[in-house]
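In terms of our numbering, the numbers along the sequence shown are unbroken and rise by one, the last being 870. Built from N, CA and C at the ideal position, the CB exists for glycine as well. To keep things clear, I will list the structure first and then write my remarks on it.
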Amino acid sequence: MARNVDGVGNAPSLTPGEPVATNYLLFIDELHAIRRQRDGFLHRLERDLALLNPSDQVAIVAFDGYNVTRLTDWTNSRAQIEDAIQRARERKALGLMRMLDLGDRADQIRRTVMAATASIRSLADVPGRKVMLLLVETFCSPSRSWQFSSFWEGGTCREDVGNMYQPLVTAANRVGYTVYPVDMAGLHPTFGIDRDTGALMMENTEEA
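This is how it looks when you write it as structure tokens:
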């Protein structure tokens with residue numbers, strides 16, 4: 663299930679007679695991603711690029727657990743976006759390795775949150791609506807247990823894990839972002855725009 667956090671910070675810049683652009687920041691959490699699921703999501707996202715308005719822009723960043731790589735800055739060029747998506751597919755997905763890692767899961771989550779927070783701050787100076795699609799894998803408790811569940815599944819997340827995401831929520835509110843965590847495992851979001859409100863809409867279906 664996707665969950666949104668309404669940004670209440672900076673209002674979009676408006677120019678009379680022009681549509682309000684929506685800027686989509688795609689954050690790929692490679693530290694927890696499994697390649698097949700990540701690539702499936704990226705394929706669906708690439709297909710849905712046709713739904714973007716000419717004034718809409720996309721930026722894509724990837725986090726490997728240590729470094730944030732900007733695959734493309736803000737652009738409305740479909741060719742540049744598709745090229746960035748292809749480069750994202752070619753990058754490592756470390757989720758399976760992480761499952762075998764005996765490292766501190768809580769520390770891994772904190773690093774992801776810090777990277778996502780830094781990304782929205784560095785890509786906040788753009789007119790229009792700002793949306794972050796936070797591509798996360800199925801993880802919840804920062805324990806070493808092999809029992810995994812959807813991060814946003816009702817009642818399954820430990821409170822301390824939810825608190826780890828508070829810096830991201832706070833930063834998003836301050837700079838006017840709306841954040842949509844997207845669970846890559848078994849979900850195929852379809853993106854569209856509510857023409858009345860300008861909000862991003864996503865319809866998720868479970869993988870067959």
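Cross-strand partners of residue i (DSSP beta bridge)
i	result
Thr-774	Answer by DSSP bridge pairing: none, since Thr-774 is not bridged.
Leu-704	Note: Leu-704 sits in no beta bridge, so no partner.
Pro-843	Leu-796
Thr-734	Ile-722
Secondary structure of residue i, DSSP reduced to three states
i	result
Met-864	Unreliable placement is indicated for Met-864, whose pLDDT of 42 sits below 50; the coordinate value is still reported in the next sentence. Of the three classes helix, strand and coil, the one that applies to Met-864 here is strand, per DSSP.
Val-788	coil
Pro-681	coil
Pro-829	helix
Leu-714	coil
Continuous beta strand (DSSP E) stretch holding residue i: start and end
i	result
Val-793	791–798
Ile-696	Ile-696 -> no beta strand (DSSP E), and no H or E assigned at all.
Arg-751	Per DSSP, Arg-751 belongs to no beta strand (DSSP E); it is in the alpha helix (DSSP H), 740–752.
Ala-721	719–725
Cβ-Cβ distance between residue i and residue j below 7 Å
i	j	result
Leu-928	Ile-722	It is not possible to answer for residue 928, since the shown part of the chain is limited to 663 through 870.
Met-794	Leu-714	no
Val-788	Asn-685	yes
Val-798	Asp-691	yes
Leu-704	Ile-743	no
Range of the contiguous alpha helix (DSSP H) that encloses residue i
i	result
Ala-690	Checking the sequence, you will find Ile at residue 690 rather than Ala. Taken as a continuous stretch (DSSP letters only), Ile-690 belongs to no alpha helix (DSSP H), being part of the beta strand (DSSP E) at 684–691.
Review point. Looking at C-beta atoms only, is the number of pairs between the region 724–738 and the region 829–837 that lie closer than 8 Å three or more?
Key: no
I want to know whether the region 771–780 touches the region 740–755 - three or more CB-CB distances under 8 Å. no
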